[in-house]
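Line order of the protein sequences matches chains A and B. Taken in order, the first sequence gives residues 99 to 333; the numbers are from our numbering. Taken in order, the second sequence gives residues 99 to 333; the numbers are from our numbering. Glycine residues also receive a C-beta, built at the ideal position from the N, C-alpha and C atoms. Structure first, then comments.
Number of protein chains: 2
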Amino acid sequence: MSREESRPESAARAPRESPWRANRERLRDRQVKREAVIRAAAHAFNRKGYHNTSLDDIAAALEVSKPTVYYYVSNKEQLLFECFVAGIEPIRAAFREVRLVKEPARNRLKAVLRHYGQAVASEFGWCMVRAEDQDLSPAMSGHIKALKSEIDQGIRRLLREGVQDGSIHPCDPKMTAFALAGALNWIAHWYRESQSLSGAQIAEAFITVFESGLIPRTGAENTRAARRMSVRLAR
Amino acid sequence: MSREESRPESAARAPRESPWRANRERLRDRQVKREAVIRAAAHAFNRKGYHNTSLDDIAAALEVSKPTVYYYVSNKEQLLFECFVAGIEPIRAAFREVRLVKEPARNRLKAVLRHYGQAVASEFGWCMVRAEDQDLSPAMSGHIKALKSEIDQGIRRLLREGVQDGSIHPCDPKMTAFALAGALNWIAHWYRESQSLSGAQIAEAFITVFESGLIPRTGAENTRAARRMSVRLAR
DNA sequence: TAGGATAGCTACCCGCGAGTATGATGCATG
DNA sequence: CATGCATCATACTCGCGGGTAGCTATCCTA
Numbered sequence: 099m100s101r102e103e104s105r106p107e108s109a110a111r112a113p114r115e116s117p118w119r120a121n122r123e124r125l126r127d128r129q130v131k132r133e134a135v136i137r138a139a140a141h142a143f144n145r146k147g148y149h150n151t152s153l154d155d156i157a158a159a160l161e162v163s164k165p166t167v168y169y170y171v172s173n174k175e176q177l178l179f180e181c182f183v184a185g186i187e188p189i190r191a192a193f194r195e196v197r198l199v200k201e202p203a204r205n206r207l208k209a210v211l212r213h214y215g216q217a218v219a220s221e222f223g224w225c226m227v228r229a230e231d232q233d234l235s236p237a238m239s240g241h242i243k244a245l246k247s248e249i250d251q252g253i254r255r256l257l258r259e260g261v262q263d264g265s266i267h268p269c270d271p272k273m274t275a276f277a278l279a280g281a282l283n284w285i286a287h288w289y290r291e292s293q294s295l296s297g298a299q300i301a302e303a304f305i306t307v308f309e310s311g312l313i314p315r316t317g318a319e320n321t322r323a324a325r326r327m328s329v330r331l332a333r
Numbered sequence: 099m100s101r102e103e104s105r106p107e108s109a110a111r112a113p114r115e116s117p118w119r120a121n122r123e124r125l126r127d128r129q130v131k132r133e134a135v136i137r138a139a140a141h142a143f144n145r146k147g148y149h150n151t152s153l154d155d156i157a158a159a160l161e162v163s164k165p166t167v168y169y170y171v172s173n174k175e176q177l178l179f180e181c182f183v184a185g186i187e188p189i190r191a192a193f194r195e196v197r198l199v200k201e202p203a204r205n206r207l208k209a210v211l212r213h214y215g216q217a218v219a220s221e222f223g224w225c226m227v228r229a230e231d232q233d234l235s236p237a238m239s240g241h242i243k244a245l246k247s248e249i250d251q252g253i254r255r256l257l258r259e260g261v262q263d264g265s266i267h268p269c270d271p272k273m274t275a276f277a278l279a280g281a282l283n284w285i286a287h288w289y290r291e292s293q294s295l296s297g298a299q300i301a302e303a304f305i306t307v308f309e310s311g312l313i314p315r316t317g318a319e320n321t322r323a324a325r326r327m328s329v330r331l332a333r
């Protein structure tokens, strides 16, 4: 990434304002490498599953040895945890972002769900969705549960707000949130990078389904969703 | 089960019509025990996950030794496979059953989804949903993929039929099937037997969500679903 | 130029768990 | 009684993989 510019500088002893400069750069280098380890782990977990991936596999993918991996991460469990966090963070960010927006709750929910879908289809999606408490120590399991719950509660809240402001059809927030999140989470099970659709496109298609519902709509309300669909089906 | 009546008979040498009678009974006994092994495995997989469950665990739960388990099943992989089949069979049955019914496709789809939800919330639900190709030999993985695909195609077909007969809002069958199945599959991740709702009730709630959609309905069409919901929310 | 921190490797330990060799028990048949 | 089959246990093998001990190389700093 930024290695190409930063490295030669320090190697050639550029005018150093602070004696800590080189140190900071080394730390940043280390961070870059650490992230590479996380990504390699996510990639491997994606393809072969957590339990079928050995740390030797991950090391081999990075063309280093196993102790090198342990130099950047304390153990396998933490590796999974980091992948989980990397996967779920964009969703949390989406909630924060949307909190400031002045729009009907349904639109804010849609924005969140779009990011949600993209996150699940990302390289960390598998880890986020499949990180199981059974595979983790109680402490990490607790962290993960808390983060998951935060997302769940966020969706329920948007649903309640939507029902109140009239932008969402009356519904049971808990069950509806389960249904929405479940459908999106499940993307991680079938989505492959090579697919023709991107994560955003899938999220968009799902949102269309969720919005219109299965029962045919009559009159003025089946406007956008239905028209978009007929366009999609036409090509 | 039927052991109480059948065993004494054979032990007491009841009038035997055929010399194979005792043999048949022994075979049936064996089948009963075999199923007990499968169920114990499903139970353990449910709680601790496939990879965190050893065959010693399963044996211990049955109060037998590991070789006894191997006497009824050839290896761990097959154990998972059997659980998967036990989980998915009710869904296949639902499709067969519904094929004969003369109803709008949306109602037939609903019937299937109800069984689907119950199956996922059953004791084999976890195994059905989580059986991963990575954990299985290519042969079994192929079987499982075929069965999963059969279900998927069945849902898509019902959706297409529904769009044609007008009982379902125009939609992309592929994406809609993914959304529906995903939401239902995900039940296995959060459902616990102790929960207040049964699998059937959850399926019912989900169907309500899918049918109405998030966008508020106006006029005559928000009849059943919305009324049902206001009842639910009232108590 | 010595000393120390950083980064990485080879070679190992060791426990867990899948699967098995072998033998004991018991029941039916001849 | 002897033979054979079915059922199950004890006690093992063995490889995989998480994790570590200890050595080496490099580079920065004093």
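As a quick exercise: from the options, pick the residue whose alpha carbon is nearest that of residue i.
| i | options | result |
| --- | --- | --- |
| residue 213 (chain A) | A:298, A:304, A:247 | A:298 |
| residue 193 (chain A) | A:185, A:262, A:206 | A:206 |
| residue 303 (chain A) | A:316, A:216, A:290 | A:216 |
| residue 140 (chain A) | A:200, A:163, A:157, A:204 | A:157 |
| residue 270 (chain B) | B:127, B:258, B:264, B:279 | B:258 |
| residue 286 (chain B) | A:292, A:291, A:277 | A:277 |
| residue 200 (chain A) | A:263, A:168, A:273, A:190 | A:263 |
| residue 188 (chain A) | A:231, A:221, A:273 | A:221 |
| residue 284 (chain B) | B:309, B:234, B:305, B:219 | B:219 |
| residue 143 (chain A) | A:306, A:185, A:279, A:310 | A:185 |
| residue 195 (chain A) | A:204, A:202, A:209 | A:209 |
| residue 132 (chain B) | B:155, B:153, B:177, B:151 | B:177 |
| residue 305 (chain B) | A:290, A:312, A:305 | A:312 |
| residue 129 (chain B) | B:167, B:282, B:204, B:237 | B:167 |
| residue 248 (chain A) | A:152, A:314, A:275 | A:275 |
| residue 291 (chain B) | B:223, B:125, B:260, B:272 | B:223 |
| residue 307 (chain B) | A:280, A:316, A:288 | A:280 |
Residue i by DSSP, collapsed to three states: which one?
| i | result |
| --- | --- |
| residue 204 (chain A) | helix |
| residue 210 (chain A) | helix |
| residue 254 (chain A) | helix |
| residue 130 (chain B) | helix |
| residue 176 (chain A) | helix |
| residue 144 (chain A) | helix |
| residue 182 (chain A) | helix |
| residue 300 (chain A) | helix |
| residue 267 (chain A) | coil |
| residue 284 (chain A) | coil |
| residue 151 (chain B) | coil |
| residue 314 (chain B) | coil |
| residue 220 (chain B) | coil |
| residue 122 (chain B) | helix |
| residue 326 (chain A) | Low confidence applies here, because residue 326 (chain A) scores a pLDDT of 48, under 50, leaving its location unreliable and the question unanswered by this model. |
| residue 187 (chain A) | helix |
| residue 170 (chain B) | helix |
| residue 382 (chain A) | An answer regarding residue 382 (chain A) cannot be provided, because it is not within the stretch 99 to 333 covered by chain A. |
| residue 192 (chain B) | helix |
| residue 115 (chain A) | At residue 115 (chain A), the pLDDT of 47 sits below 50, so the modelled position is not reliable; the number obtained from the coordinates is stated separately. Coil. |
| residue 295 (chain A) | coil |
| residue 163 (chain A) | coil |
| residue 228 (chain B) | helix |
| residue 290 (chain B) | coil |
| residue 135 (chain A) | helix |
| residue 199 (chain A) | coil |
| residue 235 (chain B) | coil |
Tell me whether residue i, by its Cβ, gets closer than 8 Å to a heavy atom of the ligand NAD.
| i | result |
| --- | --- |
| residue 151 (chain B) | With respect to small molecules bound, the structure shown includes none, and the ligand NAD cannot be examined in it. |
So if I threshold CB-CB distances at 7 Å, which residues from the segment 142-169 of chain A count as touching chain B?
146, 147, 149, 150
Proximal residues, the segment 250-273 of chain A versus chain B, C-beta separation under 8 Å
260, 264, 265, 266, 267, 268, 269, 270, 273
Please identify, using Cβ separations under 9 Å, the residues of the segment 274-292 of chain B that lie next to chain A, in order along the chain.
274, 276, 277, 278, 279, 280, 281, 282, 283, 284, 285, 287, 288
Does the segment 216-234 of chain A come close enough to the segment 251-261 of chain A that 3 or more CB-CB pairs lie under 8 Å?
no
Can we say the segment 294-312 of chain B touches the segment 241-251 of chain B, given the rule of at least three CB pairs closer than 8 Å?
no
Residues of the segment 291-309 of chain B with Cβ closer than 8 Å to any Cβ of chain A, in chain order
300, 303, 304, 306, 307, 308, 309
Listed from N- to C-terminal order along the chain, which residues in the segment 220-235 of chain A have their beta-carbon within a distance smaller than 8 Å of any beta-carbon of chain B?
230, 232, 233
Taking only beta carbons into account, state which residues of the segment 190-206 of chain A come closer than 7 Å to chain B, listed in chain order.
204
Do three or more CB pairs link the segment 122-137 of chain A to the segment 173-193 of chain A at distances below 8 Å?
yes
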